[in-house]
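**Student:** Got a structure for you, written out below as structure tokens; questions coming shortly.
Number of protein chains: 2
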Amino acid sequence: MTRPAPGGEPMALAAAHLRAAGLRVTVQRMAVLAAVSESAGHLDADALRERARRVTGALSLQATYNVLRALTEAGLVRCTQIPGHPARYEVEHRDNHHHFVCLRCAAIRDVECTVGAAPCMEPRLPAEYEVREAAVTFWGVCPDCRGARPDTSSM
Amino acid sequence: MTRPAPGGEPMALAAAHLRAAGLRVTVQRMAVLAAVSESAGHLDADALRERARRVTGALSLQATYNVLRALTEAGLVRCTQIPGHPARYEVEHRDNHHHFVCLRCAAIRDVECTVGAAPCMEPRLPAEYEVREAAVTFWGVCPDCRGARPDTSSM
DNA sequence: TCCATAATCTTGACTGACTCCACAAAAGGC
DNA sequence: GCCTTTTGTGGAGTCAGTCAAGATTATGGA
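Protein chains in written order, with the UniProt record's numbering: chain A, 1 to 155; chain B, 1 to 155.
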């Protein structure tokens, strides 16, 4: 039996990532980062807090937000804000992918870039505008929701 | 002197639009719709309420939200939700344009479609996904902000 | 023109997501 | 191991938006 700590390897990995990013290594940060990594992505702050608590025991909501902001600023985590829903977090892969959001269940699914590596990065704007990022969000209905209820909504 | 009502022609126009959309014509609705039309677009509910109040005198925030929802559902107004900012409204032109958002001052500017009429509408998703809309948001720095402060932020 | 009725507006309380603040706790360099 | 600085905690507060109930008002028919 060689389980060093609750959370095991993901925690060690998280610690390494934190250190590499020049962040202080705390139980809370490891736990939250591990939670983001382990989930398939797209969990909100509260869900991540719940998961992290399995390791830390207690974890304030404030701390969760602090950690997530630190991780986001360090480039370890990507924050996806979908209008009308709490912000969700996923591991930063730097692949510039986009998102499909289900209008019914609000599920999020990653979508590969439609065109090349940085799609739609050539808006028709005067040169003075400095474009740094393009976020594409596809709105629609996911297979699960289509199956459950053919199509009642018209929006 | 033939000024029929405070607000004048825009109000009459708004009334006509409301009637055409099958909505009841109320002072509040005319005032809000006129406010959306007169502004260059991209005002939030509170700003629109302020403008509408010049005509209606009093107007509750709740009524403003009700009216904006009715107008949006009727297809007269388009609601643009930028993560981290209150929802903003503009007249629906059905031209499928997108938005540029300044990271510093949060100003919004319309952007013509990058490719054809419905850009990026071909995400690499299984056929079971029903895509209804694609929203493209460009994040960057507007000319005003670049001029005022060369470039201090790195985000 | 008046009236009945259903849609709309007002007021006030409430929710959810997130932030601010001050103090306590802990990480990491010496 | 000590000390400085960064982090985390708990509680109050903010902001955008919603819910609910009763008062008003637009609209179609008599």
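Every residue gets a Cβ at the ideal spot worked out from N, C-alpha and C, and that includes glycine.
Out of curiosity, what's the CA-to-CA distance linking residue 76 of chain B and residue 144 of chain B?
**Tutor:** Computed Cα separation, rounded: 31 Å.
**Student:** Who are the neighbours of residue 137 of chain B on chain A, taking C-beta pairs under 9 Å?
**Tutor:** 133, 134, 135, 136 and 137
**Student:** Quick one: what's got a C-beta closer than 6 Å to residue 27 of chain A's C-beta in the same chain, skipping five residues either side?
**Tutor:** 56
**Student:** Determine the contact status of residue 100 of chain A and residue 109 of chain A, defining contact as a CB-CB distance below 8 Å.
**Tutor:** yes
**Student:** At least one CB of chain B closer than 8 Å to the CB of residue 105 of chain A: is that the case?
**Tutor:** no
**Student:** Could you tell me the alpha carbon to alpha carbon distance between residue 47 of chain B and residue 71 of chain B, rounded to whole angstroms?
**Tutor:** 16 Å
**Student:** If the criterion is Cβ atoms closer than 8 Å, does the pair residue 86 of chain A and residue 45 of chain A meet it?
**Tutor:** yes
**Student:** With a CB to CB cut of under 8 Å and the five nearest residues on each side skipped, what residues in its chain are close to residue 19 of chain A?
**Tutor:** Result list for residue 19 of chain A: 25, in chain order.
**Student:** Taking only the alpha-carbon atoms, compute the straight-line gap between residue 124 of chain B and residue 23 of chain A and give it to the nearest angstrom.
**Tutor:** 36 Å
**Student:** Pull up the distance between the alpha-carbon of residue 95 of chain A and that of residue 131 of chain A, whole angstroms please.
**Tutor:** CA-to-CA, the gap between residue 95 of chain A and residue 131 of chain A works out to about 18 Å.
**Student:** Residue 85 of chain A by DSSP, collapsed to three states: which one?
**Tutor:** coil
**Student:** Between residue 10 of chain A and chain B, is there a C-beta pair that is closer than 8 Å?
**Tutor:** no
**Student:** What does residue 181 of chain B reach in chain A if we use C-beta pairs closer than 8 Å?
**Tutor:** Since the first residue of chain B shown is 1 and the last is 155, residue 181 of chain B is not available in this structure.
**Student:** Since residue 142 of chain B contacts residue 65 of chain A with CB under 8 Å, what's their CB separation in whole angstroms?
**Tutor:** In this structure residue 142 of chain B is not in contact with residue 65 of chain A, their Cβ atoms being roughly 28 Å apart against a cut-off of 8 Å.
**Student:** Specify the secondary structure class of residue 140 of chain A as computed by DSSP and reduced to three states.
**Tutor:** strand
**Student:** Mind checking whether residue 111 of chain B and residue 93 of chain B have CB atoms under 8 Å apart?
**Tutor:** no
**Student:** So, under 8 Å CB-CB, residue 39 of chain A and residue 10 of chain A are touching, yes? Tell me the CB distance rounded to an integer number of Å.
**Tutor:** Residue 39 of chain A to residue 10 of chain A, Cβ: 11 Å. No contact.
**Student:** Using a C-beta cutoff of 8 Å, does residue 124 of chain A count as contacting chain B?
**Tutor:** yes
**Student:** Whole angstroms is fine: what's the gap from residue 105 of chain B's alpha carbon to residue 134 of chain A's?
**Tutor:** 17 Å
**Student:** I'd like to check one pair, residue 102 of chain A with residue 147 of chain A: are the Cβ atoms closer than 8 Å?
**Tutor:** no
**Student:** Any chance you could list the alpha helix (DSSP H) runs of at least 4 consecutive residues sitting entirely within the segment 5-46 of chain A, in chain order?
**Tutor:** 9-20 and 27-38
**Student:** How long is the line joining the alpha carbons of residue 62 of chain A and residue 79 of chain B, rounded to whole angstroms?
**Tutor:** 31 Å
**Student:** Taking DSSP as the reference, what is the three-state secondary structure of residue 132 of chain A?
**Tutor:** strand
**Student:** So which residues on chain B does residue 86 of chain A lean against when the C-beta distance must stay under 7 Å?
**Tutor:** The premise fails here: residue 86 of chain A is roughly 11 Å from chain B at the closest Cβ pair, so nothing lies under 7 Å.
**Student:** Against chain B, does residue 81 of chain A count as a neighbour if the rule is that its beta carbon must be under 8 Å from one of theirs?
**Tutor:** yes
**Student:** Taking Cβ positions only, does residue 77 of chain A come closer than 8 Å to chain B?
**Tutor:** For residue 77 of chain A, the answer is no, since every Cβ of chain B falls outside 8 Å of its Cβ.
**Student:** Would you say residue 111 of chain A lies against chain B (beta-carbon separation less than 8 Å)?
**Tutor:** So, interface residue.
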